[in-house]
Amino acid sequence: MKTEQAEDQNMHKVRNRRVHMANERTFLAWIRTSIAIMAFGFVVEKFGLFLRQVSAYLMVSEGLHRGDAEKTAAFSPGYSAVLGVVLVGFGAVMGLLAFIRYKKVERQIDNDTFQPSVILDLLLMISLLAVAVFLVLYLIHSV
Numbered sequence: 027m028k029t030e031q032a033e034d035q036n037m038h039k040v041r042n043r044r045v046h047m048a049n050e051r052t053f054l055a056w057i058r059t060s061i062a063i064m065a066f067g068f069v070v071e072k073f074g075l076f077l078r079q080v081s082a083y084l085m086v087s088e089g090l091h092r093g094d095a096e097k098t099a100a101f102s103p104g105y106s107a108v109l110g111v112v113l114v115g116f117g118a119v120m121g122l123l124a125f126i127r128y129k130k131v132e133r134q135i136d137n138d139t140f141q142p143s144v145i146l147d148l149l150l151m152i153s154l155l156a157v158a159v160f161l162v163l164y165l166i167h168s169v
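Note that our numbering has the sequence shown beginning at 27, numbered continuously upward.
Okay, structure coming up:
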């Protein structure tokens with residue numbers, strides 16, 4: 027009888043360990059995604075800077091005065107900088123929310139009261155939809 031209880035308790039611990047590891051893998055996937063979004067935002071911002079510099083260089087090389095080229099480059103819309111900063115911020119917030127979700131699920135696993143969270147998924151989808159709309163508007167505007 028006592029051995030059956032010990033065996034049952036050991037099986038529960040092993041099952042619990044597997045669930046905790048799955049929770050950790052999910053957390054790490056969220057972290058990888060947030061890092062990728064932040065890296066993409068950095069690339070977008072730096073590429074916009076590169077395009078402004080190339081544009082200013084081409085204007086100077088075409089014989090325009092340097093002051094006019096700088097004014098034109100300075101007044102060109104810099105949406106890529108805004109988009110880059112938004113993406114970096116979005117990635118950071120997503121990493122923070124992933125950590126909060128990880129700790130919450132960890133507690134729920136220990137208490138055997140797991141409830142799926144819809145709020146984080148909903149926030150993520152709304153944020154991604156907002157970034158997608160912004161990108162579409164940016165691309166339409168740049169054509």
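All C-beta atoms in this analysis are idealised placements derived from N, C-alpha and C, irrespective of residue type, glycine included.
Fair warning: this is a prediction, and the values are worked out from it, not measured in the lab.
Taking the alpha-carbon positions, what's the residue i to residue j distance?
i    : j    : result
K130 : A82  : 51 Å
F140 : H46  : 12 Å
D138 : D147 : 22 Å
A95  : I152 : Below a pLDDT of 50, predicted positions are generally treated as unreliable, and A95, at 49, falls in that range; no measurement from the model is reported.
R76  : A118 : Looking at the sequence provided, one finds Phe at residue 76 rather than Arg. Between F76 and A118, the C-alpha separation is close to 24 Å.
Y164 : S106 : 9 Å
F160 : R43  : 42 Å
L54  : K72  : 27 Å
L150 : R41  : 30 Å
V80  : V114 : 24 Å
A65  : W56  : 14 Å
Here's the rule: buried if 16 or more other CB atoms are within 10 angstroms of the residue's CB, otherwise exposed. What is residue i?
i    : result
A124 : buried
S60  : buried
S87  : exposed
R58  : exposed
Pop quiz: residue i and residue j are said to be a contact at Cβ under 8 Å. What is the actual Cβ separation, rounded to whole angstroms?
i    : j    : result
I63  : M120 : 7 Å
I135 : N49  : 6 Å
Measure the CB-CB distance between residue i and residue j and report whether it falls below 8 Å.
i    : j    : result
L122 : V70  : no
V112 : G74  : no
S143 : R127 : yes
V157 : F116 : yes
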